[in-house]
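Residue numbers for the first sequence follow my numbering, so the first one is 52 and each next one is one higher. The beta-carbon is built from N, C-alpha and C at its ideal position, and this holds for glycine as well. Presented below is the structure to which this report refers.
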Amino acid sequence: MQKYRTHTCGELRGKDVNSEIRLSGWIHRKRNLGGVLFVTLRDNYGITQVIAEPGTMAFKELDGIRVESVVTIDGIVRSRGDNINRDMPTGEIEVEAKAVILQSMADILPFQVADDDNSPETTRLAYRFLDLRREKLHHNILRRSQIIASIRRRMIEMGFQEFQTPILTSSSPEGARDYLVPSRLYPGKFYALPQAPQQFKQLLMVSGFDRYFQIAPCFRDEDARADRSPGEFYQLDVEMSFATQEDVFAAMENLMHGLFTEFSNWKVNKPPFPRIPFEDAMLKYGCDKPDLRLAAEIADVSDIFAASDFNAFKSIVENGGVVRALTVPNVADKSRKFLKDVEDFAKEAGAKGLASLIFADGEIRGSLAKPLSDATKAELKNRLGSKTGHGIFIIADNKDVASVILGKVRLHLADLLDLREKDSYRFCWIVDFPMFEKDEETGQTQFSHNPFSMPQGGMEALLTKDPLSIKAFQYDIVCNGVELSSGAIRNHRPDIMYKAFEIAGYDSSVVDEKFGGMIKAFKFGAPPHGGIAPGVDRMVMLLANEPNIREVIAFPMNQNAQDLLMQAPSEVTEKQLKELHLKIVRE
RNA sequence: GGAUCGGUAGUUCAGUCGGUUUAGAACGCCAGCCUGUCACGUUGGAGGCCGCGGGUUCGAGUCCCGUCCGAUCCGCCA
Numbered sequence: 052m053q054k055y056r057t058h059t060c061g062e063l064r065g066k067d068v069n070s071e072i073r074l075s076g077w078i079h080r081k082r083n084l085g086g087v088l089f090v091t092l093r094d095n096y097g098i099t100q101v102i103a104e105p106g107t108m109a110f111k112e113l114d115g116i117r118v119e120s121v122v123t124i125d126g127i128v129r130s131r132g133d134n135i136n137r138d139m140p141t142g143e144i145e146v147e148a149k150a151v152i153l154q155s156m157a158d159i160l161p162f163q164v165a166d167d168d169n170s171p172e173t174t175r176l177a178y179r180f181l182d183l184r185r186e187k188l189h190h191n192i193l194r195r196s197q198i199i200a201s202i203r204r205r206m207i208e209m210g211f212q213e214f215q216t217p218i219l220t221s222s223s224p225e226g227a228r229d230y231l232v233p234s235r236l237y238p239g240k241f242y243a244l245p246q247a248p249q250q251f252k253q254l255l256m257v258s259g260f261d262r263y264f265q266i267a268p269c270f271r272d273e274d275a276r277a278d279r280s281p282g283e284f285y286q287l288d289v290e291m292s293f294a295t296q297e298d299v300f301a302a303m304e305n306l307m308h309g310l311f312t313e314f315s316n317w318k319v320n321k322p323p324f325p326r327i328p329f330e331d332a333m334l335k336y337g338c339d340k341p342d343l344r345l346a347a348e349i350a351d352v353s354d355i356f357a358a359s360d361f362n363a364f365k366s367i368v369e370n371g372g373v374v375r376a377l378t379v380p381n382v383a384d385k386s387r388k389f390l391k392d393v394e395d396f397a398k399e400a401g402a403k404g405l406a407s408l409i410f411a412d413g414e415i416r417g418s419l420a421k422p423l424s425d426a427t428k429a430e431l432k433n434r435l436g437s438k439t440g441h442g443i444f445i446i447a448d449n450k451d452v453a454s455v456i457l458g459k460v461r462l463h464l465a466d467l468l469d470l471r472e473k474d475s476y477r478f479c480w481i482v483d484f485p486m487f488e489k490d491e492e493t494g495q496t497q498f499s500h501n502p503f504s505m506p507q508g509g510m511e512a513l514l515t516k517d518p519l520s521i522k523a524f525q526y527d528i529v530c531n532g533v534e535l536s537s538g539a540i541r542n543h544r545p546d547i548m549y550k551a552f553e554i555a556g557y558d559s560s561v562v563d564e565k566f567g568g569m570i571k572a573f574k575f576g577a578p579p580h581g582g583i584a585p586g587v588d589r590m591v592m593l594l595a596n597e598p599n600i601r602e603v604i605a606f607p608m609n610q611n612a613q614d615l616l617m618q619a620p621s622e623v624t625e626k627q628l629k630e631l632h633l634k635i636v637r638e
């Protein structure tokens, strides 16, 4: 007989009755009825009930072993007769224990594995191996593995090839803070961990590899969020030669639709996903990652107020401001306090106020009900398509803040009124990001996103147009209000690259110095190319419907970038420091 | 770096307006009883510097100040 097991704990069925078998696993629960002892044994594959008859050695031994200990049990498969448990896949049978070997005794647990008891995350992280035994987390991590396997299969089927790129590389001048690794051989010099394999994948395109992908680890020394792991995370890094923006979209739409359909029962919107220009997104949703499960859109109603006799808003429009409005259902029956709370929320978000117009049955309420004429109210109702039961929320302010605040109000109301479409993944593309923006403090024109993006209109646009009006071939893919990724058609032309950097205030020598490897490569025949890099952790989060990214990572760090299990970061020896030419300065 | 919320038994929580002798409950732990459980049931027991420091008060788990820790958000994340 095999040393540890003849079957897994999820395997035995009615057909196995009377077989002599051996199982190994963790003791999940114990139920001692005095005369008879039931033990459930768990492994990666499932749970099987074991029964120990009174007076046997097996009874005595199992009774003395704590839950979560690891045991090997020899026994005979028995039918459960009338006591079948329909909730368990193995519920038809149980194993009558004949011999028990204790492989590893468990201490008293810091939290229960068999129950989900909301233990504090600090404890769960310090005992991550126990937390990972628990059903939900164990399932999430297995699911992550299957999702990544499916991604690989789908990418390869589409003709992409997987590559590895260096982990020890050089510090990049833009973007996030780097993790640095001191060099032993070169005193005072450092490697950096890659924030993304951006330049390497572009170099692979210059090398003629055509279609690249990698499940790539990325390292950024920035503070954490619920959906952002500190330190490191994984991207599905993708790059394509001789590809237009639409080619990249088609490949990603095929992947995302297939993947999300495979791993979820929720609805997934069919390709092509909506393409929303950045400016439209900012106007209609007040942000560049709209949650499209929510139908409500923000509309500009400046013209209506400019023509009205409501002077408070009219004068704001006359002074260059805007009036933006949002109509939302299910608010007519809400209390005065509800409206006050929503207004307080808007004020907290930076609004000077939040006007409202509520279309209740037979009457119009809200702060604008009195001051506005019937004609203006009707026009607003018509413009926004409001129906009875709807409420219109209005902000008058300058162009940059009105929609942004209303966008926050939009999401807040969605939470309060439960307005999002259920069980649905709604993907969209945000396109036409501006190439440049003005730095508010210095007035300097700078890159608004990726400096490697190709400006729309190419060199001609850079030479002839107002830089702030130039769009880039830069895009984001968004799902349910979560930004999965940015991507771009790259700037593969050295002349256009130098010009773009010049507009952003950088001399050509800066380009040569900072991006030397890549610019050199572009001077020896570079294909037009572009790509994208969706966050793997965030895709798994969406598919597992988890609000916190740590629930889909086996060994995450806490918010303060510490690994509570492995005790990282940690001090190192004097010898190590000396070899690396480092001295610690205590402040 | 800033803001908000939180910190009471191993764990999850309750603890009223500052006032009841010994700060409670559930789960877990330890010891009994119990032969068909499915989160078994049942009896008993152990387990607490109420995060830490200071203050107000006749009296502080409760109020105030400071501090530490955690979560969430802002900054940051090309």
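Bounds of the beta strand (DSSP E) holding residue 535 are 533-540. Here residue 246 is not near residue 205, since their CB atoms are 8 Å or more apart. Under the criterion of beta carbons closer than 8 Å, residue 412 and residue 439 qualify as touching, at roughly 6 Å. In chain order, 528 and 583 place their CB closer than 7 Å to the CB of residue 303, counting only its own chain and leaving out the 5 sequence neighbours on each side. In the same chain as residue 474, and ignoring 5 residues on each side of it, the C-beta atoms closer than 8 Å to its own belong to 316, 317 and 318, in chain order. Inclusion of residue 505 and residue 484 in the CB contact set at 8 Å is not warranted, their separation being larger than that value.
Per DSSP, the continuous alpha helix (DSSP H) segment holding residue 174 begins and ends at 172-177.
The beta carbon of residue 634 sits closer than 8 Å to the beta carbons of 628 from its chain, once the five residues preceding and following it are set aside; these are given in chain order. Under the three-state reduction of DSSP output, residue 600 falls in the helix class.
Going by DSSP, residue 109 is part of the alpha helix (DSSP H) stretching over 108-114. Under the DSSP assignment, residue 463 falls in the alpha helix (DSSP H) whose first and last residues are 450-468.
Between residue 65 and residue 144, the C-beta spacing is below 8 Å. Within the same chain, 541 and 542 come within 6 Å of residue 503 by CB-CB distance, once the 5 residues on both sides are set aside.
Residue pairing from DSSP places residue 130 in a beta bridge opposite 144. The DSSP-derived three-state label of residue 155 is strand. Boundaries of the alpha helix (DSSP H) harbouring residue 591: 587-595, taken from the DSSP string. By the criterion of a C-beta distance shorter than 7 Å, residue 67 is surrounded in its chain by 128 and 144, once the five residues flanking it on both sides are discounted.
Judged by beta-carbon spacing, residue 101 lies beyond the 8 Å limit of residue 154, meaning their Cβ atoms are not closer than that value. Under a 10 Å Cβ-count criterion, residue 569 is classified as buried, with 16 or more other Cβ atoms of the shown protein chains found around its own Cβ. Per DSSP, the beta-bridge partners of residue 522 are 485. Beyond the five residues adjoining it in sequence on each side, residue 557 comes within less than 8 Å, by CB distance, of no other residue in the same chain.
For residue 257, the secondary structure class from DSSP, reduced to helix, strand or coil, is helix. Note that the segment 578-596 touches the segment 182-200; at least 3 beta-carbon pairs, one per stretch, sit closer than 8 Å.
Apart from sequence neighbours up to five positions away, the residues of its chain that approach residue 330 with a beta-carbon distance below 8 Å are 483, ordered along the chain. If you draw a straight line from the Cα of residue 632 to the Cα of residue 238, it is about 6 Å long. When the beta-carbon positions are compared, residue 183 and residue 605 come within less than 8 Å of each other.
The distance from the Cβ of residue 177 to that of residue 615 is about 4 Å, consistent with a contact at the 8 Å cut-off. Assigned with DSSP and collapsed to three states, residue 296 falls in helix. About 7 Å separates the CB atoms of residue 394 and residue 404; that is less than 8 Å, so the two are in contact. Here residue 111 is exposed: its Cβ has fewer than 16 other Cβ atoms, across all protein chains shown, within 10 Å. If you look at residue 211, you'll find it isn't in any alpha helix (DSSP H); DSSP assigns it neither H nor E. Residue pairing by DSSP places residue 83 opposite 88 in a beta bridge.
Note on geometry: alpha-carbon atoms of residue 436 and residue 337 lie some 19 Å from one another. According to the DSSP assignment, residue 414 belongs to the beta strand (DSSP E) that extends over 414-416. Put simply, the segment 273-285 does not touch the segment 488-502. Fewer than three CB pairs are less than 8 Å apart. Within its own chain, the residues whose Cβ lies closer than 6 Å to the Cβ of residue 465, once the five positions on either side in sequence are excluded, are 345 and 471, listed in chain order.
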